[in-house]
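Colleague: For reference, the structure I am asking about is given below.
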Amino acid sequence: MNNTVTLHADPLVWGHGPKVFEVFLEPTCPFSVKAFNKLDALLAAVGEDQMTLKIRLQSQPWHMYSGVIVRYILAASTLPAGKADAKAVLKAVALHREEFEFTDHCAGPNMDATPNDILARLKRYSGVDAYAPFARPELQAEVKWHCKYARQNGIHVSPTFMINGLVQPDISSGDDISEWAKRIQA
Numbered sequence: 001m002n003n004t005v006t007l008h009a010d011p012l013v014w015g016h017g018p019k020v021f022e023v024f025l026e027p028t029c030p031f032s033v034k035a036f037n038k039l040d041a042l043l044a045a046v047g048e049d050q051m052t053l054k055i056r057l058q059s060q061p062w063h064m065y066s067g068v069i070v071r072y073i074l075a076a077s078t079l080p081a082g083k084a085d086a087k088a089v090l091k092a093v094a095l096h097r098e099e100f101e102f103t104d105h106c107a108g109p110n111m112d113a114t115p116n117d118i119l120a121r122l123k124r125y126s127g128v129d130a131y132a133p134f135a136r137p138e139l140q141a142e143v144k145w146h147c148k149y150a151r152q153n154g155i156h157v158s159p160t161f162m163i164n165g166l167v168q169p170d171i172s173s174g175d176d177i178s179e180w181a182k183r184i185q186a
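In our numbering, the protein residues as written are 1 to 186.
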């Protein structure tokens, strides 16, 4: 990637309907993975013309490699396939979550992993090579935007759900898709 070209992150947005469903996810959180795995079916159930789905990344320090993984996902969103590449990385993390996490957030095999090891796994599992944009300093503006947006909305945990700009503390990753759909369509 040519560093003289402006870096543009494709927003992680699907659908174009009037009801806006925002999901704040930490990619290695088991509850976020549970929610992420339901999003395609939710969009199909409600309809792309009825809802807009927005994924917001909520890096959390107790998930030790969260910052590296979030940055790689956002780097992937700057590639020609944009949000499709970012989604492929999210899916790869979801499928191999434990290989990106620490036992009890403080121990286990990843104690010996370097950030480069994590990046290599992300590329291998997703098939997305986002090394070049990952290394661009200006990518931090996108990382910071996700962080600031979550903070301004009082988001502390993942997953957190918002409908039309309002946090929905009673929506859970364990809810059935039909429950989410009912809430969105209300």
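Glycine included, each C-beta is placed from N, C-alpha and C at the ideal position.
Determine the DSSP secondary structure at Ile-34, reduced to helix, strand or coil.
Modeller: Rather than Ile, the amino acid found at residue 34 in this sequence is Lys. Three-state DSSP puts Lys-34 in a helix.
Colleague: Answer yes or no: do Leu-10 and Lys-83 have a C-beta to C-beta separation smaller than 7 Å?
Modeller: The sequence shown places Asp at residue 10, not Leu. Contact: yes.
Colleague: Under a three-way DSSP split, which group does Met-1 fall into?
Modeller: Residue placement at Met-1 cannot be trusted, given a pLDDT of 48 that sits under 50; the coordinates are not used to answer.
Colleague: Helix, strand or coil for Gly-174, going by three-state DSSP, please let me know.
Modeller: Gly-174 falls in the coil class under three-state DSSP.
Colleague: Rounding to the nearest angstrom, what Cα-Cα distance links Phe-31 and Leu-25 in this structure?
Modeller: The straight-line gap from Cα to Cα measures roughly 9 Å.
Colleague: Out of Val-33, Leu-43 and Val-70, point me to the one whose CA is closest to Phe-134's CA.
Modeller: Among Val-33, Leu-43 and Val-70, the Cα nearest to that of Phe-134 belongs to Val-70.
Colleague: For Glu-22 versus Lys-54, is the C-beta distance shorter than 7 Å?
Modeller: In this structure, Lys-54 lies closer than 7 Å to Glu-22 by Cβ.
Colleague: For Val-157, which of helix, strand or coil comes out of DSSP?
Modeller: DSSP places Val-157 in coil when its eight states are reduced to three.
Colleague: In the DSSP assignment, find the alpha helix (DSSP H) that holds Leu-122 and state where it starts and stops.
Modeller: Looking at the DSSP string, the run of the alpha helix (DSSP H) that includes Leu-122 is 115–126.
Colleague: Could you have a look at Trp-145 and say whether DSSP puts it in helix, strand or coil?
Modeller: In the structure shown, Trp-145 sits in a helix (DSSP, three-state: H, G or I).
Colleague: For Val-128 versus Ala-88, is the C-beta distance shorter than 7 Å?
Modeller: Cβ distance < 7 Å, so Val-128 and Ala-88 count as in contact.
Colleague: Spell out a yes or no on whether the segment 131–147 and the segment 105–114 are touching, meaning 3 or more CB-CB pairs, one atom from each, closer than 8 Å.
Modeller: Not touching, per the Cβ criterion.
Colleague: Between the Cα of Phe-161 and those of Asp-49, Pro-27, Arg-56 and Thr-28, spot the shortest distance and give me the residue it belongs to.
Modeller: Checked all of Asp-49, Pro-27, Arg-56 and Thr-28; the closest Cα to Phe-161 is Arg-56.
Colleague: Using the C-alpha atoms, what's the distance from Lys-148 back to Pro-18?
Modeller: Computed Cα separation, rounded: 24 Å.
Colleague: DSSP on Trp-14, reduced to helix/strand/coil?
Modeller: The answer is strand: DSSP assigns Trp-14 an E or B state.
Colleague: Which one or two residues does DSSP pair with Ile-163 in a beta bridge?
Modeller: Answer by DSSP bridge pairing, in chain order: Phe-21 and Leu-166.
Colleague: Are the beta-carbon atoms belonging to Ile-155 and Gln-58 less than 7 Å from one another?
Modeller: Result yes, Cβ atoms of Ile-155 and Gln-58 sit closer than 7 Å.
Colleague: Please report the distance separating the alpha-carbon of Ala-180 from that of Arg-121.
Modeller: Checking the sequence, you will find Trp at residue 180 rather than Ala. C-alpha separation (whole angstroms): 33 Å.
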